[in-house]
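Read the structure below first, then the notes.
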Amino acid sequence: MKKILGGMRVAKRKPLREEVYDALKRSILHGKLKGGQRLIEEQLADQTGISRTPVREAFYKLERDGLAMHRPQGGFVVREFTVEDVEEIFGIRIALESYAAYLATLHMTPDKLSALEKKIQETEKALRNGEEEKVVELHTEFHDLLYQSCQSKKLTEMINNFRDYFYRYRSALLKTRYGIHASMEGHRRMVEAMKKRDPRLVERLVRKHLERGKEIILKEINRGRMVP
33 MKKILGGMRV AKRKPLREEV YDALKRSILH GKLKGGQRLI EEQLADQTGI
83 SRTPVREAFY KLERDGLAMH RPQGGFVVRE FTVEDVEEIF GIRIALESYA
133 AYLATLHMTP DKLSALEKKI QETEKALRNG EEEKVVELHT EFHDLLYQSC
183 QSKKLTEMIN NFRDYFYRYR SALLKTRYGI HASMEGHRRM VEAMKKRDPR
233 LVERLVRKHL ERGKEIILKE INRGRMVP
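Mapped onto the working numbering, the consecutive letters of the sequence shown carry residue numbers 33 to 260.
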């Protein structure tokens, strides 16, 4: 944990528990803290120079958000992906995001299409430069642009409620060689379909895009290669 969170300094802009929570959350979402890895209260408190109480409070908040688990024998660990989790989260993603893409296509403008294409280009550049975290961030920004274009406040709110879950799975997927290339190709096809003003096609492409991502993650889990 020291290597992962090394250099973290607790600022005073937020309550201490929030600063610790934010740092741990980033590490979990980006896969620096792996599923099953212990979160050691005393070690983190010593490293950051704060008391153990805000650290413990941060652990409980991570548990409430589904990112950590309290073990029966004591202590916390990063929550691992399970097949059931993957099936559930991707089921939700497919339902929400395919409909959001359908609506976004109906409201698409040349400026919004240009923004999506620019995001793809930026992602390709980050990929060539080996900037893994930036690739994940840009993929997320692509999807955010898509959601914003759907012009449905309620739908966008529902998607945002699952934002951290979606982000963690996206981060895990993009770390696989096939996953990153399949995802990039999926984004290109979506944009081309939007240019044709074909909302049903876009909806099908998003559904296929997410189903393929689910398959890749499940295969990695079954092969014992993924402990995100």
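Each residue gets a CB set at the ideal place from its N, CA and C atoms; glycine is no exception.
Comparing alpha carbon positions, the residue from Thr137, Ile212, Phe122 and Arg49 closest to Thr80 is Arg49. Under the three-state reduction of DSSP, Leu71 is assigned to strand. Non-local C-beta neighbours of Val87 in its own chain, meaning closer than 7 Å and more than five positions away in sequence, comprise Val52, Glu73, Leu76 and Ala77, ordered along the chain.
In the DSSP annotation of this structure, the continuous segment of the alpha helix (DSSP H) that includes His219 starts and ends at Arg209 to Lys227.
Pairing Val118 with Met140, the inter-Cα distance amounts to about 31 Å.
Under DSSP, the beta-bridge partners assigned to His102 are Phe108.
At least 9 Å separates the beta-carbon of Arg202 from that of Val238. Rounded to the nearest whole angstrom, the CA to CA distance from Arg255 to Ala127 is 27 Å. A residue is called buried once 16 or more other Cβ atoms fall within 10 Å of its Cβ, and Ser83, having fewer, is exposed.
Secondary structure at Arg255: coil, using DSSP grouped into helix, strand and coil.
Counting only runs of 4+ residues, the alpha helix (DSSP H) found wholly inside the stretch 137-222 occupies 142-160, 164-181, 185-193 and 195-206, in chain order.
When DSSP states are grouped into helix, strand and coil, Ile121 belongs to the helix group. With respect to the 9 Å criterion, Gly63 and Arg200 are classified as neighbours on the basis of their beta carbons. With respect to the 9 Å criterion, Val109 and Arg103 are classified as neighbours on the basis of their beta carbons.
9 Å or more divides the Cβ of Lys151 from the Cβ of Leu135.
Between the stretch 235-252 and the stretch 190-200 there are fewer than three inter-stretch CB-CB distances shorter than 8 Å, so the stretches are not counted as touching. Tyr210 and His219 have their C-alpha atoms some 14 Å from each other.
If you draw a 10 Å sphere on the C-beta of His213, you find fewer than 16 other C-beta atoms in it, and that means exposed. Counted as a single uninterrupted DSSP element, the alpha helix (DSSP H) harbouring Ile60 occupies residues Leu48 to Leu61. DSSP places Ser83 in the coil class of the three-state scheme, outside both helix and strand. With contacts defined as CB atoms closer than 9 Å, Thr188 and Phe174 fail to qualify as a contacting pair. Cβ-Cβ distances below 7 Å link Pro231 to Tyr134, Thr137 and Leu138 in the same chain, with the five nearest sequence neighbours on each side left out; the list follows chain order.
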